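To keep things clear, I will list the structure first and then write my remarks on it.
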Amino acid sequence: MSRHPAPDELLLDYAAGALPPGPALAVALHVALDPPARRLVERLEAMGGLLMEGEADLPPDEAALQAALARLDATPVEPRPAPPRPLAGFEWAPPPLVRHLEAGARWRRVMGGFEEIRLRLAGDSSNRVSLLRLEPGRGLPVHRHVGTEYTVVLQGGYTDATGNYRVGDFAVGPGPEQHEPIADPGPPCIALIVLEQPVVLTGPWGRWLNPLVKRDLI
């Protein structure tokens, strides 16, 4: 069970298919790694299907909800399709991510001491979606956010001012407060990061580097 679960309203939007591809992928990875989140999403999706079949005419009270859930419990569960085979070197990648990794995917060293694989998701030009890898004890540059950030940990873990995050944990950016995620001891920390807006570097080099960050050059 995740110590940092995704917000219920985000899981509801995911189950309803209301999220853009970038945030949807982040939630899909959290759901794949966190059994309670997966069970909740499965119930929400199935209940949505029941409501579309006719339950939508019932008043939104507790009795109607319990009736829908009772029907859900009696509905046979269809077998899941076989997950895609992981790529060599990406055995840690959950199935929802594998289909977005190209056969030639390679880590790229980024200024600041971490590595990145940029993911290009069809239909989502408004979010920057990346895999980041940090060696133990290394941190991302100190920064703050002007837009929403979604993070899900896929390997290892990291710690910042908001807490410690391990595999499957989900974080919705700290907002305007600056933070410096630092990888925990052990295997390298690998996380999927979805950014609505470029970060603002607040360290000593931020004044010169922020124009490049804003133009998506680094």
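If you use this note's numbering, the sequence shown closes out at 222, no skipped numbers anywhere. Glycine residues also receive a C-beta, built at the ideal position from the N, C-alpha and C atoms. Owing to the predicted nature of the structure, the values given are computational and were not obtained by experimental measurement.
Helix, strand or coil at residue i according to DSSP, with G and I counted as helix
i: Y18; result: helix
i: A60; result: Reliability fails at A60, whose pLDDT of 49 lies under 50, so the model's placement of it is uncertain and the value that follows must be treated cautiously. Three-state DSSP puts A60 in a helix.
i: E139; result: coil
i: L91; result: coil
i: P99; result: helix
i: R47; result: helix
i: E42; result: What sits at residue 42 in the sequence shown is Arg, not Glu. In the structure shown, R42 sits in a helix (DSSP, three-state: H, G or I).
Closest residue to residue i among the options (Cα-Cα distance)
i: Y154; options: R124, Q201, W96; result: Q201
i: P189; options: G179, Q159, L15; result: Q159
i: V133; options: A19, V171, E120, H147; result: E120
i: D38; options: F174, I197, E184, Q182; result: F174
i: R142; options: P192, A109, G93, R103; result: P192
i: L123; options: T163, T166, R103, T206; result: R103
i: P9; options: A20, T206, V176; result: V176
i: G93; options: N168, Y169, R110; result: R110
i: D128; options: E13, L199, A50, A41; result: L199
i: G172; options: P27, V31, P25, L23; result: V31
i: P25; options: L101, R42, E13, L48; result: L101
i: V204; options: H149, L105, P27; result: H149
i: T163; options: E184, A36, G151; result: E184
i: I194; options: D220, L144, G179; result: L144
i: A126; options: F118, L105, L136; result: L105
i: T152; options: G21, G108, S130; result: S130
i: L196; options: P40, Y169, D220; result: Y169
i: V157; options: A97, E181, P178, R113; result: A97
i: A19; options: E46, A36, L33; result: E46
i: P140; options: L29, P180, A187; result: A187
i: P11; options: P178, L33, L29, A41; result: A41
i: G108; options: L91, E181, L16, R7; result: L91
i: A36; options: A22, M51, L23, L15; result: L15
i: R137; options: R113, H147, V146; result: R113
Opening and closing residue of the beta strand (DSSP E) in which residue i lies
i: L105; result: Per DSSP, L105 belongs to no beta strand (DSSP E) and is neither H nor E.
i: R7; result: Neither: R7 is in no beta strand (DSSP E) and is coded neither H nor E.
Limits of the unbroken alpha helix (DSSP H) element including residue i
i: L123; result: Segment 118-123 is the beta strand (DSSP E) holding L123; no alpha helix (DSSP H) there.
i: P27; result: 25-37
### Task
Ignoring anything shorter than 4 residues or poking outside the region 144-220, list the alpha helix (DSSP H) runs there in chain order.
Within the region 144-220, the complete alpha helix (DSSP H) runs of at least 4 residues fall at 210-218.
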